[in-house]
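*Asks:*
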Amino acid sequence: MKLYDRIFKPRRYELANGKYVEEKFTRLPLILLILVICCVISVKVTGFDMAVLVKRSKYFFDMLESMFPPATDYLPKIWEPLLDTLKMSILGSFVGAVLAVPFAALAASNLVHSKAVVFIVRLFLSIVRTLPTLVCALIATYIFGLGTMAGTVAIAVFTFAYVAKQLFELIETVDMGPFEAMEAMGSTRIRTFWTTVLPQILPTYISVSLFCLEGNVRYASILGYVGAGGLGLIMNEKIGWREYSSVGMILIVLLATVLVVEWTSHAIRKHLS
Amino acid sequence: MNQKIAKAYEEAPRSWPVKLAVAFVIACILAWSNTAVVLKGVNAGGAGVAGNILAGIVHPDPALLFNLTTGGVPYLLLETLCIAFLGTIVGAVISVPLSFLSATNLVPKWLAAIGRFAIAAIRTVPAFIYGLMFIRVTGPGPFAGLLTMSLCSIGMVSKMFIECIEGLDKRILESLDAAGCTTFQKIRYGILPQLFPDFMSTLIYRFDMNLRDATVLGLVGAGGIGAPLIFAMSSYRWNQVGAILVGLIILVLIIEWISSKIRTKLTRG
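Residue numbers (our numbering), protein chains in the order written: chain A, 45 to 317; chain B, 94 to 362.
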């Protein structure tokens, strides 16, 4: 940045009182240059071709067209996998969110003074978060067998990592006054956490968990692809058999469910804040 | 002092019936979803498989990890990075008009409602279905992956964009009006500075997510590191899975670190 300022000289203004202020030259050209270089490399690597897109984009709607009209007679067979998906996401989100609390407390630098513990817990959380959910689900199917259990585990792991990250950032911003007061009165650390920190973070914690639940309902439909139960399982099956009208029906049911879950959780979150 | 505390304590609202009811409802929901836990698939082999997986993951295959050809981990990671990057940009380009059309403070309510429903519908379709659709357009490969990523990004990106647009401070525009600015000047000095940092921050966050979700594309053969990862997993080559995962995790951690730096810089101005 210093070199950049030397090439593009900052502009100097003289103020009324005889002092000088400098306005640095805009960084925009540099940022644009970097973005353009990244774009060019990406276009090269991915083979992006506008001509193909324009010429063949009508094929995109092939599958959509064959999904309509959706097969309504397939509807009765959707309910069970749909309930499975809902169960998986609710239980997974709950277990993950509950497990996240102790880890978030350990990763918050204002509660734990040992830098080593904070670092190790945070590294662990980062690694769990970067682990793709699909990989988790696939490993879970090897361990727990095909079915909803594997999906529940994968969702719980994902929720755990996401909620713990949000939560420890939240814990670091709480008001530490009551915490110190309780500690000074000789209360144990767990009791102190329970009575002073938890009430402060509770509304946001529940809201984050609900937000995660919303995403999980949608995500649970992908997990079926690797055999982890739920809507994805029948969706994968129907795609394999090219029964696209059934796939359309599944997607409509999924959309309705997601909208209902989102609306409910939105209402609860509004009530909380 | 103590009396005051006791009085305040007594006057505190007693909401235990509501709390009890909420707790009861939650317990019922949990008990119902507990039926998803089916342990009959678990057998003695499960623990052995888990041990093999762990052993493989902590002993990554160095031949794959440091292979510089197009089949090696570094090139696959580059490809994934490029898919996520261009996918985010294309998604952003589509999201901007869509979110302006769905912001309740700019357009009539019915139009905003339609826009929001469209966004929710786009979000609901799982990534692998988009992947299958795009493969018909472009054939298998990273191009299809990039288009899938961009369509998947639209949902979340436009949701965040809408929130930014609805939080716009209109008083600035009024004062610019009063100072006699042209429409272009109003956009340049009144709207862009308000939206730009939030938009960039959203996009960088989404780029992070796209990088992490890119494995899903491998399911349908839409390029990136997902396909080799899933092939390696379904053929139980855990050393290769380890190599790919190590590469992916390191890349994601580095990108996350850089993006959090940029985002804090953006929010502080």
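Every residue gets a Cβ at the ideal spot worked out from N, C-alpha and C, and that includes glycine.
These numbers were taken from a predicted model, which means no experiment stands behind them.
1. Quick check on DSSP: helix, strand or coil for Arg71 of chain A?
2. Taking beta-carbon pairs under 8 Å, can you tell me which members of the stretch 132 to 156 of chain A lie near chain B?
3. Within the same chain, show all residues whose beta-carbon is closer than 7 Å to that of Val270 of chain A, passing over the 5 residues directly before and after it, in chain order.
4. Is Cys175 of chain B close to chain A, meaning its C-beta is less than 8 Å from at least one C-beta of that chain?
5. Rounded to the nearest angstrom, what separates Gly232 of chain B and Asp262 of chain B at their Cα positions?
6. Could you tell me the alpha carbon to alpha carbon distance between Ile234 of chain A and Leu150 of chain A, rounded to whole angstroms?
7. Could you tell me the alpha carbon to alpha carbon distance between Gly140 of chain A and Tyr48 of chain A, rounded to whole angstroms?
8. Flag this pair as touching only if the stretch 317 to 330 of chain B and the stretch 179 to 189 of chain B have three or more C-beta atom pairs under 8 Å; answer yes or no.
9. List the residues of chain A that Asn127 of chain B touches, going by C-beta distances under 7 Å, in chain order.
10. Would you mind telling me which residues of chain A sit closer than 8 Å to Val230 of chain B, beta carbon to beta carbon, in chain order?
11. So if DSSP puts Glu66 of chain A in a beta bridge, which residue, or which two residues, is it bridged to?
12. Under DSSP, the alpha helix (DSSP H) around Ala205 of chain A begins and ends at which residues?
13. State yes or no: is the C-beta of Ser253 of chain A within less than 8 Å of the C-beta of Leu298 of chain A?
14. Measure the alpha-carbon distance for Leu242 of chain A versus Val115 of chain B and round it to whole angstroms.
15. Look up Val156 of chain A in the DSSP assignment and say whether it is helix, strand or coil.
16. Just the C-alpha distance for Val305 of chain A and Ala177 of chain B, rounded to the nearest angstrom, thanks.
17. Return the residues of the stretch 196 to 227 of chain B that lie within a Cβ-Cβ distance of less than 8 Å from chain A, sorted by chain order.
18. Buried or exposed: Tyr263 of chain A, going by 16 or more other Cβ atoms within 10 Å of its Cβ?
19. Kindly indicate which residue of B:Phe193, B:Met326 and B:Ser352 has the alpha-carbon position closest to the one of Leu312 of chain B.
20. I want to see whether chain A comes within less than 8 Å of Ile146 of chain B, judged by CB atoms only; does it?
21. Residues of chain B with a CB under 7 Å from the CB of Phe255 of chain A: which are they?
22. Thinking Thr173 of chain B and Ala307 of chain B are a contact (beta carbons under 8 Å), I'd like their distance in whole angstroms, please.
23. Looking at C-alpha atoms only, which residue of A:Val87, A:Leu59 and A:Pro54 is the closest neighbour of Arg71 of chain A?
24. What residues from the stretch 183 to 195 of chain A come within 7 Å of chain B, judged by C-beta to C-beta, listed N to C?
25. Note down, in chain order, all residues in the stretch 295 to 313 of chain B with a beta-carbon under 8 Å from any beta-carbon belonging to chain A.
26. Helix or strand or just coil, what does DSSP make of Asn95 of chain B?
*Replies:* According to the data block:
1. coil
2. Met132, Ile134, Leu135 and Phe138
3. Scanning its chain for C-beta atoms nearer than 7 Å, with the 5 sequence neighbours on each side dropped, one finds around Val270 of chain A the residues Leu178, Ala181, Leu182 and Thr185, in chain order.
4. yes
5. 46 Å
6. 11 Å
7. 47 Å
8. By the Cβ criterion, the stretch 317 to 330 of chain B is not in contact with the stretch 179 to 189 of chain B, since fewer than three pairs of Cβ atoms, one from each stretch, lie closer than 8 Å.
9. Leu135
10. Val96, Leu97, Arg100, Ser101, Tyr103 and Phe104
11. BP columns for Glu66 of chain A point to A:Arg56.
12. Thr192 to Ile215
13. Their beta carbons are not under 8 Å apart, which means Ser253 of chain A does not touch Leu298 of chain A by this criterion.
14. 18 Å
15. coil
16. When rounded, the distance between both Cα atoms is 28 Å.
17. Ala213, Ala214, Arg216, Thr217, Val218, Pro219, Ala220, Phe221, Ile222, Leu225, Met226 and Phe227
18. buried
19. B:Met326
20. Judged by the 8 Å Cβ criterion, Ile146 of chain B is in contact with chain A.
21. Correct list: empty, because the minimum Cβ distance to chain B is about 11 Å.
22. 5 Å
23. A:Pro54
24. Those residues of the stretch 183 to 195 of chain A that come within reach of chain B (Cβ to Cβ, closer than 7 Å) are Ile183, Tyr186, Ile187, Phe188, Gly189, Leu190, Gly191, Thr192 and Met193.
25. Residues of the stretch 295 to 313 of chain B with a C-beta less than 8 Å from any C-beta of chain A: Arg305, Asp306, Thr308, Val309 and Leu312, listed in chain order.
26. helix
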